[in-house]
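Numbered according to the working numbering, the sequence shown spans residues 8 to 66.
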Amino acid sequence: MTAEEYYIQGNLYRKEGNWQQAINNYLAAIKLDPESPAVEAKHMLDEILNYYCKDIYNP
8 MTAEEYYIQG NLYRKEGNWQ QAINNYLAAI KLDPESPAVE AKHMLDEILN
58 YYCKDIYNP
């Protein structure tokens with residue numbers, strides 16, 4: 008898959024609330040393209056999870 012496809016897949020998982028799969032796809036997109044919009048998407052998702060779901064994100 009391309010970085011863009013991983014990014015899009017990550018967005019779909021995020022909308023479903025499947026945080027871990029979203030993060031995994033964003034990381035794959037970033038690995039392929041460090042300039043991908045997945046960088047900002049992952050950062051925003053990290054901020055949300057760190058604020059709202061500390062026990063889920065950091066067991």
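By construction, the Cβ of each residue, glycine as well, lies at the ideal position given by its N, Cα and C atoms. What you are looking at is a predicted structure, and each value in this text was computed from that prediction instead of being measured.
DSSP three-state assignment for residue i, whether helix, strand or coil
i, result
"Tyr12", "Before going further, note that residue 12 is Glu rather than Tyr in the sequence given. Correct three-state label for Glu12: helix."
Nearest-angstrom Cα separation, counted from residue j out to residue i
i, j, result
"Asp53", "Met8", "23 Å"
"Ala35", "Ala29", "10 Å"
"Lys49", "Asn32", "9 Å"
"Lys38", "Gly17", "14 Å"
"Glu11", "Ile55", "22 Å"
"Gln27", "Pro41", "20 Å"
"Leu19", "Glu47", "16 Å"
Whole-number beta carbon distance between residue j and residue i, since they are thought to touch under 8 Å
i, j, result
"Tyr14", "Pro44", "6 Å"
The ligand MN heavy atom lying under 8 Å from the CB of residue i
i, result
"Ile15", "Absence of the ligand MN from the depicted structure is noted, as is the absence of any ligand whatsoever, leaving it without description."
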